[in-house]
Amino acid sequence: MMSEERRYRRFLRLRPQSREEVEREVEEEIDAHLAMRVEEYEARGESREQARADAVRRFGDYAHARRELVRTYREQHMRSRRAEWLDAVRRDVIYGWRRALHAPGYALFALATFALSIALATSTFTIVDAVLFRSLPFADPERLVALQSVGETGEPFSRVSAANWLDWQQQNRTLAGIAILQSGRISVQVRAQAMRAQITDVGGPFFSVLRTRFLWGRPFTEEELRNNARVVVVSEGFWRRAMGEDRALSERVTINGYPFTVTGVVRASDVYPRATEVWLPARYPMGNGAARNWINYAAIGRLADDVTVADADRDLDAIAARIRSADPVGIYSYGVGVLPLKDDLTADASTYLRLLLGAVAFVLLVACANLAGMNLARGVARKREMAVRLALGAGRSALIRQVLLEHLLLAVVGGLIGIAFTVFLVRATLQAAGSVLPRADEVTIDWRVLGVAAAITILAGLLTGLFPALRLSGTSLRQQMGGARGAVGGGRQTPGAVLVGIEIALALVLLTGGGLLLRSYRILIERPLGFDIRNVITAQIDLPYAPYREPARRILYWQSLEARLKALPGVSAAGSANWVPLGNGGISFIEIEGRADQNLGAGYRAVSDGYLQAIGVPLLAGRTFNATDDLGTQRVTVINQRMAEQFWPGQSPIGRRVRAVSMESVPDGPPPAWLTIVGVVGNVRHYGPDTDMRPEMYTSYRQIPFYASSMTAVIKTSGDANRLIPAVQAQLREVDPATPADFSTQRERLAALMRWRRLLMNVLSGFASVALLLAALGIYSLLSFAVAQRTREIAVRAALGARRSNLLGMVFRQALTVVLLGAAAGLLAAFALTRLMTALLVDVSPLDPVTFAGVTVFLLVVAGMAAALPALRATRLDPLVALRAE
Amino acid sequence: VDQALPLLKGTLDLLVLKTLSWGAQHGYGIATWLEQHSDGALEVEDSALYQALHRLESRGLIEAEWGVTENNRRARYYRMTAAGRSRLRKETATWLRYTQSVSAILLMSARTV
């Protein structure tokens with residue numbers, strides 16, 4: 001009898017739960033004991049009172065015993081509950097595993113969905129974290145700041161003039177040091193080997209501001225900086241690659257034809273700005289007046305102890321005010337912007353990285369909603385199982401736990417696959433975007449990323465499981481047993497429909513974002529640039545200063561190079577300019593003869609005679625340059641149409657005179673000579689498709705030979721440009737082996753400029769595609785389920801003579817409501833959210849009706865196709881077979 | 001009964017296990033059995049007995065179930081588990097070795113020293 005009761009108890013899990021119950025049990029046991037004692041004593045002939053007193057005495061310390069018993073009882077109870085729970089979890093995991101094996105299709109789909117969405121989320125986080133969230137890899141990085149010039153209307157410029165910097169440097173009381181820097185590429189010779197190198201000119205305590213660590217050696221001394229000594233610091237990479245780690249070579253470095261000494265080697269981890277190979281003391285112009293407006297340098301500083309960014313900002317603004325009152329010429333001296341260096345470095349990337357982080361969260365949500373929805377649909381058979389379990393006494397919490405665990409199991413396995421996939425995805429992203437992503441070299445997958453991946457995994461598992469868990473555990477047996485058969489049109493599926501609606505809404509938001517970027521991109525690539533992209537080779541060359549000190553030698557170099565290049569078979573035109581489109585470009589302040597306008601500006605280029613033809617800029621009026629334009633003859637210039645329209649609207653500019661007051665002047669010297677305009681040429685978007693066509697003027701390099709020491713040769717070929725590069729290289733070596741070049745093609749340079757946009761567009765479209773695919777699968781499974789559930793109804797209708805089109809309509813109607821409501825919600829969300837990406841759009845409103853309409857139609861078509869399959873299946877039902885199956 | 005000996009520490013658990021080796025029993029039954037079979041030489045305080053029972057239960061050496069006595073009274077019955085049985089075997093062997101050693105020393109006569 002007892003063992004039977006025990007089994008019964010165990011089945012029902014009737015164990016005392018609360019403290020009160022435990023106490024009651026303990027008291028009951030002791031009372032029973034005392035009662036038996038009393039009986040014993042009474043049997044010996046004691047009076048009832050006597051027997052009671054003896055029994056209690058014999059028992060001992062009642063209160064203490066009671067307390068102890070309750071305590072051990074509860075401890076034991078808790079232990080066994082914990083063991084039971086773990087046991088149940090173990091059983092649930094095994095059960096979940098078995099269920100997965102039972103329905104391998106669904107399990108594989110869930111694993112793939114989890115793996116993909118977790119991999120996307122984790123890789124996005126990995127990159128965003130490394131670029132935006134982590135501190136810079138320098139000592140005490142929070143104290144590093146970037147300094148900006150401020151214009152009259154308060155707009156910041158990321159560049160500063162050396163003249164202003166010197167004043168900040170001397171007068172500030174809030175910064176431990178301020179340094180200026182400017183990067184570029186030059187030719188460096190180690191022993192006899194000439195090569196191109198990425199350099200940074202630095203002024204001020206650059207290395208101590210950054211607290212750069214050296215592999216060996218030392219930073220520049222103050223004296224070396226002041227005297228422009230012939231010293232360089234090189235990077236660990238350059239030291240290994242170009243110098244073979246040979247200390248003897250540190251005296252054999254030649255730049256501009258002069259011998260330089262290497263004073264130190266910077267550790268690879270401490271290189272700043274990124275990719276710099278050689279640091280040189282900067283030669284900067286000083287003095288008052290115009291020099292204050294030559295903003296060529298970036299500036300960085302380190303805050304002194306106990307000083308905030310705001311303190312430094314106030315301090316430097318006060319200095320700027322003093323500079324302004326003493327020297328009112330400065331148009332960039334209206335203030336100084338101080339901001340954390342990290343913010344300055346990542347400012348451009350921040351918009352799109354945050355956008356991607358938000359987008360990937362959407363993808364994750366769609367994936368979770370999708371799996372949750374599939375589970376609901378799959379759960380018809382399951383509901384009976386749940387109902388039976390509930391009826392047999394399983395707790396609701398046990399059922400919830402079981403369903404949650406099933407999903408967590410899938411999520412964890414999926415997450416592990418996803419993390420492995422992340423390694424690959426991050427690597428691929430860096431390969432594609434490494435050159436345009438700030439701090440790309442700092443991206444690593446570490447415990448922090450893994451922790452977030454684990455959190456994402458658990459969150460995904462719970463999000464997916466919670467909905468079905470609550471829903472399934474809430475069913476009653478009666479409802480299931482009674483309602484499953486018979487009733488026509490049964491099975492409301494509001495929750496499933498809501499989930500699909502959410503998926504559609506999220507997918508539509510992503511599609512809209514992707515669509516807007518796509519449109520911007522198309523607009524950009526279709527924009528006329530004003531110069532040729534096809535089959536144009538560029539070769540950036542620096543002539544070493546010493547051997548080419550004579551201007552005539554420089555000109556001779558370019559002329560003989562140009563002649564040789566033009567003679568190459570396959571070359572249709574060749575020329576050179578100091579700055580060519582899709583790269584850097586100098587802008588000069590200009591003065592127009594007879595006008596008092598201050599601060600007019602135009603791009604200013606030194607070009608060879610063949611340049612305009614080689615780059616593909618057409619002549620619109622007047623003439624271009626020829627051999628008669630030389631040092632002794634009239635100084636002439638050719639301007640572009642934009643400059644003509646801006647400064648001489650409705651008139652011919654030919655014969656007018658201008659001068660390049662900043663780019664041709666010497667500090668504290670006389671103003672430069674006038675240039676007579678002799679021709680008008682077409683406009684170019686010098687800085688790429690997403691920039692405007694700006695005023696520009698060209699002058700023959702023979703008349704401004706100062707700019708002929710560093711030029712880019714442009715070679716227009718009739719065939720594939722890349723195949724001609726070796727031949728061009730050979731010609732270069734023959735003219736002078738000490739002049740290596742950075743080779744590229746205009747197509748490659750354009751691709752590099754567009755790379756981050758392209759990548760962003762691809763990634764966001766990829767996210768949108770995944771979301772749309774999942775949403776389509778969601779619609780498909782929702783309708784398949786609905787059709788399966790209404791088989792009987794549909795069969796009856798078909799038997800009664802309903803037409804196919806009616807049945808089709810019936811199923812479609814159900815889909816239509818869900819899709820339309822979801823799409824409406826998605827459009828509303830997109831209306832609210834696309835504003836955030838305004839900065840990334842070109843000539844497209846964030847509410848662009850074409851995009852909104854386009855993606856909505858696209859979504860509806862995809863949704864319609866997803867709905868068509870189950871709908872067609874419904875119309876093909878054979879009433880007899882369907883009814884017999886019941 | 002007047003010269004009942006206080007129990008040595010640890011022996012109560014052993015005795016309880018031994019008692020239960022004959023079959024399931026409630027606390028009162030165990031106390032009575034112990035008293036009878038020691039001819040009243042061992043005095044077990046009831047409260048200590050119950051603490052021992054719960055201690056053994058929480059260690060998984062015995063388990064308890066509510067049952068009904070011959071007199072139709074609800075009482076908590078304790079039975080030995082497999083773990084309890086093997087523990088009893090081990091502890092008995094240890095106890096016997098221990099008491100033999102102690103006895104051997106206590107029974108030595110002065111001459112043999």
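Residue numbers (the working numbering), protein chains in the order written: chain A, 1 to 886; chain B, 1 to 113. Just so it is clear, CB atoms sit at the ideal spot from N, CA and C, and this is done for glycine as well.
Show which residues of chain A have a CB atom less than 8 Å away from the CB atom of residue i.
i        : result
Ala-75/B : Glu-29, Ala-32, His-33, Met-36
Examine chain B for any beta-carbon lying closer than 8 Å to the beta-carbon of residue i, and answer yes or no.
i         : result
Gly-60/A  : yes
Thr-444/A : no
His-64/A  : yes
When you compare the CB of residue i with every CB in chain A, is at least one pair closer than 8 Å?
i        : result
Gly-27/B : yes
Val-16/B : no
Asn-72/B : no
Asp-2/B  : Any reading at Asp-2/B must be qualified, since the residue scores a pLDDT of 47, below 50, and its modelled position is unreliable; no value is offered.
Give the residues of chain B in contact with residue i, contact being defined as C-beta atoms less than 7 Å apart.
i        : result
Gln-76/A : Glu-57, Ser-58
Closer than 9 Å by beta-carbon distance: list the chain B residues that pair up with residue i, in chain order.
i        : result
Tyr-73/A : His-54, Glu-57, Ser-58
Name the chain B residues whose beta carbon is nearer than 8 Å to that of residue i?
i        : result
Leu-69/A : Tyr-50, Gln-51, His-54
Taking Cβ to Cβ, would you say residue i is nearer than 8 Å to residue j?
i         : j         : result
Arg-191/A : Arg-252/A : yes
Pro-909/A : Ala-440/A : Given a span of 1 to 886 for chain A in the structure shown, any question on residue 909/A remains unanswerable.
Leu-339/A : Val-360/A : no
Arg-99/A  : Glu-385/A : no
Thr-624/A : Leu-612/A : yes
Ala-115/A : Gly-414/A : yes
Ala-738/A : Pro-551/A : no
Ala-893/A : Ala-776/A : Since the first residue shown for chain A is 1 and the last is 886, residue 893/A is missing from the structure and cannot be characterised.
Ile-199/A : Leu-280/A : yes
Val-188/A : Ser-235/A : no
* Between the segment 38-62 of chain B and chain A, which residues of the former have a C-beta closer than 7 Å to a C-beta of the latter? -> For the segment 38-62 of chain B, which is checked against every Cβ of chain A, the residues closer than 7 Å are Glu-45, Asp-46, Ser-47, Ala-48, Tyr-50, Gln-51, His-54, Arg-55, Glu-57, Ser-58.
* Does the segment 505-518 of chain A touch the segment 849-858 of chain A, meaning 3 or more C-beta pairs lie closer than 8 Å? -> Judged by Cβ distances under 8 Å, the segment 849-858 of chain A makes contact with the segment 505-518 of chain A, as three or more pairs qualify.
* Tell me, please, whether the segment 138-150 of chain A touches the segment 452-470 of chain A by the rule of three or more beta-carbon pairs shorter than 8 Å. => These segments do not touch.
* Per the contact definition of three or more C-beta pairs closer than 8 Å, is the segment 717-734 of chain A in contact with the segment 625-639 of chain A? -> Result no; under three Cβ-Cβ pairs closer than 8 Å.
* On the three-pair Cβ rule with 8 Å, is the segment 748-755 of chain A touching the segment 192-209 of chain A? -> The segment 748-755 of chain A is not in contact with the segment 192-209 of chain A.
* Any chance the segment 708-717 of chain A sits against the segment 571-581 of chain A, with 3 or more Cβ pairs inside 8 Å? -> Judged by Cβ distances under 8 Å, the segment 708-717 of chain A makes contact with the segment 571-581 of chain A, as three or more pairs qualify.
* Taking one C-beta from the segment 455-467 of chain A and one from the segment 410-422 of chain A each time, how about it: are there three or more such pairs within less than 8 Å? -> The segment 455-467 of chain A makes contact with the segment 410-422 of chain A: 3 or more CB pairs, one atom from each, lie closer than 8 Å.
* Three or more C-beta pairs closer than 8 Å, one from the segment 817-829 of chain A and one from the segment 493-510 of chain A: is that the case here? -> When C-beta atoms of the segment 817-829 of chain A are compared with those of the segment 493-510 of chain A, three or more pairs fall below 8 Å, so the two segments count as touching.
* Asked: Between the segment 726-738 of chain A and the segment 584-595 of chain A, do three or more beta carbon pairs fall short of 8 Å?
  -> Because the criterion of three Cβ pairs below 8 Å is not met, the segment 726-738 of chain A and the segment 584-595 of chain A do not touch.
* Are the segment 686-697 of chain A and the segment 525-535 of chain A touching by the rule of at least three beta carbon pairs closer than 8 Å? -> With three or more CB-CB distances shorter than 8 Å, the segment 686-697 of chain A counts as touching the segment 525-535 of chain A.
* Segment contact, 8 Å Cβ cut-off, at least three pairs: the segment 29-44 of chain B with the segment 95-107 of chain B -> Segment contact: the segment 29-44 of chain B against the segment 95-107 of chain B, fewer than three CB-CB distances shorter than 8 Å; contact not assigned.
* Give a yes or no on contact between the segment 287-297 of chain A and the segment 163-171 of chain A, applying the rule of three or more CB pairs nearer than 8 Å. => Result yes; three or more Cβ-Cβ pairs closer than 8 Å.
* **the segment 754-769 of chain A contacting the segment 218-230 of chain A, beta-carbon criterion three pairs below 8 Å** => No: the two stretches stay apart, fewer than three of their Cβ pairs being nearer than 8 Å.
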